[in-house]
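To convert, count from 1 in the sequence shown and add 8; that's my numbering. One structure is given below, encoded as structure tokens.
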Amino acid sequence: MASRNGVPRGVTFKNEKASSATNYKASSVKSKHPARRCASLGPAGSIKDVSHVPGRVRVAVRLRPKNAEESVADADYADCVELQSELKRLKLRKNNWDSDTYEFDEVLTEFASQKRVYEVVAKPVVESVLDGYNGTVLAYGQTGTGKTFTLGQLGEEAVSDRGIMIRAMEDILADICLETDSVFISYIQLYMETIQDLLNPANDNIPITEDPRTGEVSLPGATVVEIRDQPSFIELLRLGETHRFAANTKLNTESSRSHAILMVQVKRSIRSGEPSSSDDENHSQSAKNCNPPIVRKGKLVVVDLAGSERVHKSGTARTSLVVTIGPSPRHRGETTSTILFGQRAMKVENMLKIKEEFDYKSLSKKLEVQLDKLIAEGERRQKAFDDEVKRISIESQNHISEVERKFSSELEKERTKCQMDYLESIKQLEEKWITNPQSQQMNGFSNGLCDRVEHNMPLSEEVAEVKRLLENEIQLRKTAEEEVNNLKRQLSQLTSSEVWSKLVFVVSLITDLLFCCLLPVSFLNLTSLKFQEGRPAEIHRLHQMLDDEAYEKKKLQDEITSLQSQLLQLTFEADQMRRYIDKLESGNGFSRSHSLTSPSKQPQHKDRENGHKSSFNSLFEQVGLQRILAMLESQDANIRIHAVKIVANLAAEETNQERIVAAGGLTSLLMLLRSYEDETVRRVAAGAIANLAMNEANQEIIVAEGGISLLAITADDAEDPQTLRMVAGAIANLCGNDKLQVKLRAEGGIRALLGMVRCRHPDVLAQIARGVANFAKCESRGTTQGTKTGKSLLLEDGALPWIVQNANNEASPIRRHIELALSKCERYDCWGCTLGAGTHISGLLPGRYKESCPSDPYTVRYWELEDGRGILLPSATPLDG
Ligand SMILES: Nc1ncnc2c1ncn2[C@@H]1O[C@H](COP(=O)(O)OP(=O)(O)OP(=O)(O)O)[C@@H](O)[C@H]1O
9 MASRNGVPRG
19 VTFKNEKASS
29 ATNYKASSVK
39 SKHPARRCAS
49 LGPAGSIKDV
59 SHVPGRVRVA
69 VRLRPKNAEE
79 SVADADYADC
89 VELQSELKRL
99 KLRKNNWDSD
109 TYEFDEVLTE
119 FASQKRVYEV
129 VAKPVVESVL
139 DGYNGTVLAY
149 GQTGTGKTFT
159 LGQLGEEAVS
169 DRGIMIRAME
179 DILADICLET
189 DSVFISYIQL
199 YMETIQDLLN
209 PANDNIPITE
219 DPRTGEVSLP
229 GATVVEIRDQ
239 PSFIELLRLG
249 ETHRFAANTK
259 LNTESSRSHA
269 ILMVQVKRSI
279 RSGEPSSSDD
289 ENHSQSAKNC
299 NPPIVRKGKL
309 VVVDLAGSER
319 VHKSGTARTS
329 LVVTIGPSPR
339 HRGETTSTIL
349 FGQRAMKVEN
359 MLKIKEEFDY
369 KSLSKKLEVQ
379 LDKLIAEGER
389 RQKAFDDEVK
399 RISIESQNHI
409 SEVERKFSSE
419 LEKERTKCQM
429 DYLESIKQLE
439 EKWITNPQSQ
449 QMNGFSNGLC
459 DRVEHNMPLS
469 EEVAEVKRLL
479 ENEIQLRKTA
489 EEEVNNLKRQ
499 LSQLTSSEVW
509 SKLVFVVSLI
519 TDLLFCCLLP
529 VSFLNLTSLK
539 FQEGRPAEIH
549 RLHQMLDDEA
559 YEKKKLQDEI
569 TSLQSQLLQL
579 TFEADQMRRY
589 IDKLESGNGF
599 SRSHSLTSPS
609 KQPQHKDREN
619 GHKSSFNSLF
629 EQVGLQRILA
639 MLESQDANIR
649 IHAVKIVANL
659 AAEETNQERI
669 VAAGGLTSLL
679 MLLRSYEDET
689 VRRVAAGAIA
699 NLAMNEANQE
709 IIVAEGGISL
719 LAITADDAED
729 PQTLRMVAGA
739 IANLCGNDKL
749 QVKLRAEGGI
759 RALLGMVRCR
769 HPDVLAQIAR
779 GVANFAKCES
789 RGTTQGTKTG
799 KSLLLEDGAL
809 PWIVQNANNE
819 ASPIRRHIEL
829 ALSKCERYDC
839 WGCTLGAGTH
849 ISGLLPGRYK
859 ESCPSDPYTV
869 RYWELEDGRG
879 ILLPSATPLD
889 G
């Protein structure tokens, strides 16, 4: 049978399923659209899943309905074909009784809709194009059989009439992503060997190129327009049809002889990680990520062949051919030819190959982005690393510091502990040392201490020495306290008895105590200077104890000083009492001594006196002049009183007078006199000054320190006879100094001396008389030596009346001093100025002739009478007797 012979072997419609299955397994092509595969395998039947038989040209036959003309003209004739669509068979009538049967991949009756035709003929091809393959949809048939209707019907009047082109584009646009994918079209017409651009009619001779390697045909000169939506595509199709119609009119061609070709280029980008059809199953994911992005380029070619039979050279495309036939028996020959063409086409098997390219441009951009990300990430990690290193460094430094701090702290603790242990050891050794009697010898201790201080002894030795000093101080203080108590008891006994030996014993005892108490003080001071800084707490504590001990000792010393002053005063008073007793015993009421306070020098008592003086001076020497003088400025009034008495008593001794002044005693005494606070103090101070004034060198010092004025003030102010007596005695002593004559008068000394006669106390008057006599003696000596001229300063201050008045005073001391004064002033003739002639002056040596002063009409002359009295004579009185 012709029909049998017309079906390619192994590709018969019946064997389609088995063959398809076999090919499917053998093919490397896998559809990424299972839903679309399912659609192509729908119940309505199809060309048996063209995806499973990718290479063979799929051929469907479509029968156009009878048109109006055919319905009339062929009304009496049967159609030339009979379709058995379910069997996908077509019977071509040869005559009334015979026909040939042909099998096709699909048999579409005159009732098949445009939608069904698209789905069974073109849709699988379109899906292949979307997967990256080339696909071709061909229409072949006699003119007027519906090729254009099948492919290019725009369906402007009815959407259901839309042909394959529009439906294909509709599916493509629905499947792609406009952001990453793109669709381009070219629309040309092939007439004879000329290619005309239906989108640009001026471009009417487009060359054809063919890749010699792949055999792929391309039209690089054709207009390419990107399609973004369906309306624009429809508009281009309409434009193309217009241009085609115009071209055919111009060329006087028939559409049946020109081939319209629509080329649709679909570029799709495979998403990252999406396996491509060429990926190996075992390809690692990382390797895929490193691959450049892939662009699949599928191309759909829809061709209205218009009678061409070159379908066998449709290149690498999946091809579907729809052959269109008409029913009219009048075109039976053409129909037969068409059918046979379709049968031959079914034998054509193409090699399908997916069209994939690497998108290096996109890859470059992607790599640049990745590089930027990597650089940023590297910088971020570097910064994080640097920060981490910095943090670790800081933490490490902190940790090191903490460890160092802890180490230092522990080291300090250990050092302190060692130091404490060391001190404890020293303490134990010290206790052992203390228990050793031989170690406590004072001499050895003192010498050793001095040596260590001088040689910068170590700290431990310093501690030991200070401790030993402290122990010694404590012991000394205790001893001193006991002895003070004992001393107090003895003093109380002494005040009620005259057991001199006890007194001496007590004095000696106190002296010893003072010596013992004072000696360590020097050591303490020295030691204190050595330990000024850096002393440990133990040394500080010991020094604190030493300070406390020093304070207690100071108090003790003050008490001792007070007791000492009392003792000295008792000694002084006892001496005075003794002298008074001696005086009574001797029957002599007045000592010849000029000293107002010094012990008597009576020979019969000299031995005992010397013994007493020796004891007192011994005390003086032992206590020390400086300490005694310091008592004059003591805050304690009692001490001051006792001290001034002691100083006055000491000043009675010639050997002490210069020493006292040199040691500042005079200044202190003058201060006491100036700051009169107590009559006793003033009296005794004046007496002390009087005693000091016995020394010629002291006299000038007294005057230099303002003594004359102070004594004059005291003389004017005081009322106490004994005070005045002391003041008069002091001035009297000063009057015996030749150098002080002028100052005595100038500073009021003579005036004050004479002013004290108001007291009328014989002791005071005696001192006044002594002063006058001393002054007169100096003036007389000056006159004799020629250093003194003119009137007597003494007389100018008004001394003469008092002299005359008291020349016959019953008190022998007064009378004797006046007599002396007169005798020294015999050369002055001015004395008689205020005396009446015949005035008798008792006590004058008898028989002595006194010259008168020739220049003075009132020259006084007197004779010393034999009876011991003298008589003043007026100058006019002849001195015959
Ligand atoms: N299947 C069909 N159903 C209804 N009308 C059809 C069908 N096929 C074709 N026609 C109509 O038949 C006429 C001719 O069709 P068409 O122009 O498509 O034929 P053709 O093969 O393209 O002719 P040519 O080769 O001369 O261009 C048109 O009017 C068309 O509408």
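Cβ atoms here follow ideal geometry from the backbone N, Cα and C, with glycine treated the same way. Just so it is clear, the structure is predicted and the values come from calculations on it, not from any experiment.
Tell whether a beta-carbon distance below 8 angstroms holds between residue 207 and residue 248.
-> Numbered from its first residue, the sequence shown carries residue 207 at position 199. Numbered from its first residue, the sequence shown carries residue 248 at position 240. In this structure, residue 248 lies closer than 8 angstroms to residue 207 by Cβ.
Per DSSP, the bridge partner or partners of residue 143 | The residue labelled residue 143 in the question sits at position 135 within the sequence shown. DSSP lists 308 and 326 as partners of residue 143.
To the nearest angstrom, report how far apart residue 398 and residue 414 are at their CA atoms.
-> Taking the sequence shown and counting its residues from 1, the one referred to as residue 398 is at position 390. Taking the sequence shown and counting its residues from 1, the one referred to as residue 414 is at position 406. Those two C-alpha atoms are separated by around 24 angstroms.
Host beta strand (DSSP E) of residue 110 (start-end) | In the sequence shown, the residue the question calls residue 110 occupies position 102. Note, residue 110: beta strand (DSSP E), 107-111.
So is residue 811 buried or exposed if we call it buried at 16+ other beta carbons inside 10 Å?
-> The residue labelled residue 811 in the question sits at position 803 within the sequence shown. By the 10 Å Cβ count, residue 811 comes out buried.
Helix, strand or coil for residue 201 per DSSP?
-> Counting from one through the sequence shown, the residue named residue 201 turns up at place 193. Coil at residue 201, not helix or strand.
Cβ of residue 350 versus every heavy atom of ligand 1: is any distance shorter than 7 angstroms?
-> Taking the sequence shown and counting its residues from 1, one reaches residue 350 at position 342. For ligand 1, not one heavy atom lies less than 7 angstroms from the Cβ of residue 350.
Residue 553 by DSSP, collapsed to three states: which one?
-> Start at 1 with the first residue of the sequence shown, and residue 553 comes out as number 545. It is helical.
So, are the CB atoms of residue 434 and residue 471 less than 8 angstroms apart?
-> Residue mapping note: residue 434 aligns to position 426 of the sequence shown, counting from 1. Residue mapping note: residue 471 aligns to position 463 of the sequence shown, counting from 1. Contact: yes.
May I have the straight-line CA-CA distance separating residue 738 from residue 559, to the nearest angstrom?
-> The count along the sequence shown starts at 1 and reaches residue 738 at position 730. The count along the sequence shown starts at 1 and reaches residue 559 at position 551. Each residue's alpha carbon lies about 41 angstroms from the other.
Three or more C-beta pairs closer than 8 angstroms, one from the stretch 679-688 and one from the stretch 699-713: is that the case here?
-> no
Taking C-alpha atoms, which residue in 185, 204 and 241 lies nearest to residue 161?
-> Position 153 of the sequence shown, counting from 1, holds the residue named residue 161. Out of 185, 204 and 241, 241 has the C-alpha closest to the C-alpha of residue 161.
What is the DSSP secondary structure of residue 386, counted as helix, strand or coil?
-> Residue mapping note: residue 386 aligns to position 378 of the sequence shown, counting from 1. Correct three-state label for residue 386: helix.
Opposite residue 192 in the DSSP bridges: which residues?
-> Counted from its first residue, the sequence shown places residue 192 at position 184. Answer is 234 and 273.
Residue 567 versus residue 772: straight-line alpha-carbon distance, rounded = Position 559 of the sequence shown, counted from the start, is the residue given in the question as residue 567. Position 764 of the sequence shown, counted from the start, is the residue given in the question as residue 772. Using only the alpha carbons, I get a separation of about 37 angstroms.
Any heavy atom of ligand 1 within a distance shorter than 7 angstroms of the CB on residue 163?
-> What you label residue 163 is simply residue 155 of the sequence shown in a count that begins at 1. Outside the cutoff, so no.
What first and last residue would you give for the beta strand (DSSP E) that runs through residue 640?
-> Position 632 of the sequence shown, counted from the start, is the residue given in the question as residue 640. Element bounds for residue 640: n/a, residue is neither H nor E.
Can we count residue 222 as close to ligand 1, meaning its CB is less than 7 angstroms from some heavy atom?
-> Position 214 of the sequence shown, counted from the first residue, corresponds to residue 222. Remark: the shortest separation between the CB of residue 222 and any heavy atom of ligand 1 does not fall under 7 angstroms.
Ligand 1 heavy atoms versus the CB of residue 253: any closer than 7 angstroms?
-> Residue 253 sits at position 245 when you count from the first residue of the sequence shown. No, since every heavy atom of ligand 1 falls outside the 7 angstroms radius drawn around the Cβ of residue 253.
Return the residue from the list 729, 762 and 666 that minimises the CA-CA distance to residue 743.
-> The residue given as residue 743 occupies position 735 in the sequence shown. Answer by Cα proximity: 762.
Could you tell me whether any non-hydrogen atom of ligand 1 is closer than 7 angstroms to the CB of residue 305?
-> The count along the sequence shown starts at 1 and reaches residue 305 at position 297. No; taking the cut-off as 7 angstroms, the Cβ of residue 305 has no heavy atom of ligand 1 nearer than that.
Start-to-end residues for the beta strand (DSSP E) that takes in residue 150 | As a working mapping, residue 150 is identified with position 142 in the sequence shown. Element bounds for residue 150: n/a, residue is neither H nor E.
Can you find a heavy atom of ligand 1 that lies under 7 angstroms from the Cβ of residue 96?
-> Taking the first residue of the sequence shown as position 1, residue 96 is located at position 88. Checking every heavy atom of ligand 1 against the Cβ of residue 96, none is found closer than 7 angstroms.
Cutoff 7 angstroms; reference residue 216; Cβ partners in own chain excluding five residues on either side | Against the sequence shown, residue 216 aligns to sequence position 208. Once the five neighbours on either side are set aside, the close Cβ partners of residue 216 are 203, 225 and 227.
Helix, strand or coil for residue 355 per DSSP?
-> Indexing the sequence shown from 1 puts residue 355 at position 347. Residue 355: coil per DSSP, three-state reduction.
May I ask whether a heavy atom of ligand 1 can be found less than 7 angstroms away from the beta carbon of residue 75?
-> The sequence position of residue 75 within the sequence shown is 67, counting from 1. For ligand 1, at least one heavy atom lies less than 7 angstroms from the Cβ of residue 75.
When we look at the beta-carbon of residue 335 and count the other beta-carbons within 10 Å, is it buried (16 or more) or exposed?
-> To locate residue 335, count along the sequence shown from 1; it is residue 327. Buried, since its Cβ has 16 or more Cβ neighbours within 10 Å.
Option nearest residue 102 by Cα separation, candidates 90, 68 and 388 = If you number the sequence shown from 1, residue 102 lands on position 94. It is 90.
Quick one: what's got a C-beta closer than 6 angstroms to residue 819's C-beta in the same chain, skipping five residues either side?
-> The count along the sequence shown starts at 1 and reaches residue 819 at position 811. Once the five neighbours on either side are set aside, the close Cβ partners of residue 819 are 770.
Assigned secondary structure, residue 267 (DSSP; H/G/I helix, E/B strand, else coil) | To locate residue 267, count along the sequence shown from 1; it is residue 259. The answer is strand: DSSP assigns residue 267 an E or B state.
Simplified DSSP assignment, three categories, for residue 187 = Position 179 of the sequence shown, counted from the first residue, corresponds to residue 187. Coil.
Can residue 194 and residue 232 be called in contact, C-beta distance under 8 angstroms?
-> The sequence position of residue 194 within the sequence shown is 186, counting from 1. The sequence position of residue 232 within the sequence shown is 224, counting from 1. Taking 8 angstroms as the Cβ cut-off, residue 194 and residue 232 qualify as a contacting pair.
Reduced DSSP secondary structure (H/G/I, E/B, other) of residue 487 = Translated into the one-based positions of the sequence shown, residue 487 becomes position 479. It is helical.
Could you tell me how far apart the beta carbons of residue 825 and residue 781 are, in whole angstroms, since I believe they sit closer than 8 angstroms?
-> If you number the sequence shown from 1, residue 825 lands on position 817. If you number the sequence shown from 1, residue 781 lands on position 773. Indeed they touch by this definition, with Cβ atoms about 4 angstroms apart.
Under the rule that 16 or more other beta-carbon atoms within 10 Å means buried, what is residue 327, buried or exposed?
-> Looking up residue 327 in the sequence shown gives position 319. Per the 10 Å Cβ criterion, buried.
Mind checking residue 111: buried by the 16 CB within 10 Å criterion, or exposed?
-> Along the sequence shown, one-based indexing puts residue 111 at 103. Residue 111 is buried by the Cβ-count criterion.
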